[in-house]
Amino acid sequence: MRQKKVKKKSILKEVVSWIIYLFVVIGAVYLLVHYVGERTQVRGDSMYPTLSDGDNLIVDKLTYRFSDPKRYDIIVFPFQYQEDTFYIKRVIGLPGETVQIREGSIYINGRALEEDYGYETINNPGLASEPVTLGEDEYFVLGDNRNNSADSREPSVGNISRDDIIGRAIFRIWPASEIGFL
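Numbered per this note's numbering, the sequence shown spans residues 11 to 192.
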């Protein structure tokens with residue numbers, strides 16, 4: 011009889027231990043996904059050739075809690091007119107700068123930007139055909155596929171507020187042939 015009680019206590023102890031373990035794991039995953047990083051998938055070709063449709067990325071949500079986005083970072087932010095839609099674009103203009111696109115080239119504070127991320131010469135400067143001066147917490151973003159991208163040149167996207175930035179795309183996890191840091 012005593013052996014049955016010991017077995018029941020042992021089984022009960024094991025079940026309680028597993029339940030506690032599961033709660034700890036679920037809690038840790040929740041904290042990681044909501045405050046440290048999360049997976050997102052690229053939809054469309056606006057970041058081609060850097061990213062392709064269907065690429066799966068890890069987004070670092072922690073870095074921008076302690077520092078500001080830098081020029082050329084690839085950021086993720088929500089599209090303001092469609093729920094559960096997120097854009098992935100490259101930071102071009104920083105707070106306080108003036109951005110303009112003339113004759114297919116990007117100018118920051120009147121000086122041509124030396125960069126090689128653009129897939130092709132910009133055909134449509136959109137809002138940036140005139141100088142765009144960014145506020146103290148605003149960023150100007152472009153897709154790398156400049157002629158196939160809804161970005162800060164369009165009124166529906168415009169300048170991106172610092173508070174709207176979810177994080178920085180840092181690592182491609184799929185497709186397997188392209189795994190690596192961005």
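Ideal Cβ positions, reconstructed from N, Cα and C, are used throughout, including at glycine.
In this text the structure is predicted, and so the values were computed from the model without any measurement.
| Query | Result |
| --- | --- |
| How is D174 classed by DSSP in three states: helix, strand or coil? | helix |
| What is the rounded straight-line gap between the Cα of E146 and the Cα of D173? | 12 Å |
| Restricting to Cα atoms, I'd like to know which of N169, F191, R182 and K71 is closest to V109. | N169 |
| With burial defined as no fewer than 16 other Cβ atoms inside 10 Å of the residue's Cβ, what is the status of L152: buried or exposed? | buried |
| Do F87 and Y74 have their beta-carbon atoms positioned less than 8 Å apart in this structure? | no |
| Once you ignore the five residues that flank S115 on each side, which residues in its own chain have a CB closer than 7 Å to its CB? | A122 |
| Quick check on E148: buried or exposed, where buried means 16 or more other Cβ atoms within 10 Å of its Cβ? | buried |
| If contacts are defined as beta-carbon pairs under 8 Å, then L144 and G106 qualify, I think. What distance do you get, rounded to the angstrom? | 6 Å |
| Excluding the five sequence neighbours on either side, which residues of its own chain have a C-beta within less than 8 Å of the C-beta of N134, listed in chain order? | N157 and R163 |
| Just the Cα atoms here: how many angstroms apart are Y127 and K23? | 58 Å |
| E188 and D70: beta carbons closer than 8 Å? | no |
| Can you tell me which of V34, I36 and I68 puts its alpha carbon nearest to the alpha carbon of P185? | I68 |
| For the beta strand (DSSP E) containing E48, name the first residue and the last one. | G47 to Q51 |
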